[in-house]
Ligand code: DX5
Ligand code: ZN
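Structure below.
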């Protein structure tokens, strides 16, 4: 799956299933009517973040039912080492780990690559972006958290925008090709600014699934994002 040769198609939309109806997941995903490019799956363990969500069995069911859709797995767990194999074997295309969750981020990213999955790295709003620089040559995706992780439906934190700009510059200067993804409070109101700052992948939960017509909301978000491509 060459989901990382897609920068020319950006922005991509990764709706977050945390905001979908747990009793009507299939109905909610199908209501997107193919407007999305990826699906974003938040894995929470009640330790790294104060909430619980999905496990590998849920990913496996998604993979069986949507074999063509790239599965973007965001691990918000303590000891992420223990979760790489379960999610890699159940169909993750991207496995994103928090830099705060392990003292051995370099080794962890190598392990993800060895499992045949695209490695992603992410950071909380309070973590300096410079902490990522030593390992950015190892990743295919950088996820910038724009809310404190653990819950959907929070307000976007504008102070993370300079991190997106810094990553975009770093990528150009170093000749790297990782995608930049933003997660938390993303909506049609801020998508243009995010893409203008360098974001390639928009994660959106409530601004898509919290609306009566997810397909319309997804299209509006992508359209707003595309306006940001004219960087000026
Ligand atoms: C938050 C999660 C997000 C969340 C985003 O910890 O990582 O993916 O689902 O939800 P919204 O878009 O509603 O802020
Ligand atoms: Zn997420």
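Residue numbers (our numbering): -19 to 212.
Backbone N, C-alpha and C fix where the C-beta goes; we use that ideal spot for every residue, glycine too.
Contact test: residue i Cβ vs the ligand ZN heavy atom, cutoff 7 Å
i: residue 49; result: no
Any non-hydrogen atom of the ligand DX5 closer than 7 Å to residue i Cβ
i: residue 96; result: no
i: residue -2; result: yes
i: residue 127; result: yes
i: residue 56; result: yes
i: residue 77; result: no
i: residue 166; result: yes
Straight-line gap, residue i to residue j (C-alpha atoms, nearest Å)
i: residue -6; j: residue 139; result: 22 Å
i: residue 204; j: residue 107; result: 28 Å
i: residue 210; j: residue 62; result: 42 Å
i: residue 44; j: residue 22; result: 18 Å
i: residue -19; j: residue 48; result: Interpretation of residue -19 is limited by its pLDDT of 48, a score under 50 that renders its predicted location unreliable; the figure taken from the coordinates is listed afterwards. Going from the Cα of residue -19 to the Cα of residue 48 covers about 9 Å.
i: residue 93; j: residue -2; result: 26 Å
i: residue 135; j: residue 176; result: 20 Å
i: residue 150; j: residue 85; result: 19 Å
Which listed residue (the options) has its alpha carbon closest to that of residue i
i: residue 56; options: 120, 121 and 125; result: 125
i: residue 130; options: 5, 108, 175 and 25; result: 25
i: residue 281; options: 180, 14 and 84; result: In the structure as shown, the chain starts at -19 and stops at 212, and residue 281 therefore has no counterpart that could be examined.
Beta-carbon proximity of residue i to residue j, cut-off 8 Å
i: residue 8; j: residue 189; result: yes
i: residue 127; j: residue 20; result: no
i: residue 116; j: residue 79; result: no
i: residue 81; j: residue 195; result: no
* the ligand ZN: which residues have Cβ under 5 Å from any of its heavy atoms, chain order? -> Residue selection by CB proximity (closer than 5 Å to any heavy atom of the ligand ZN) returns 22, 54 and 163 in chain order.
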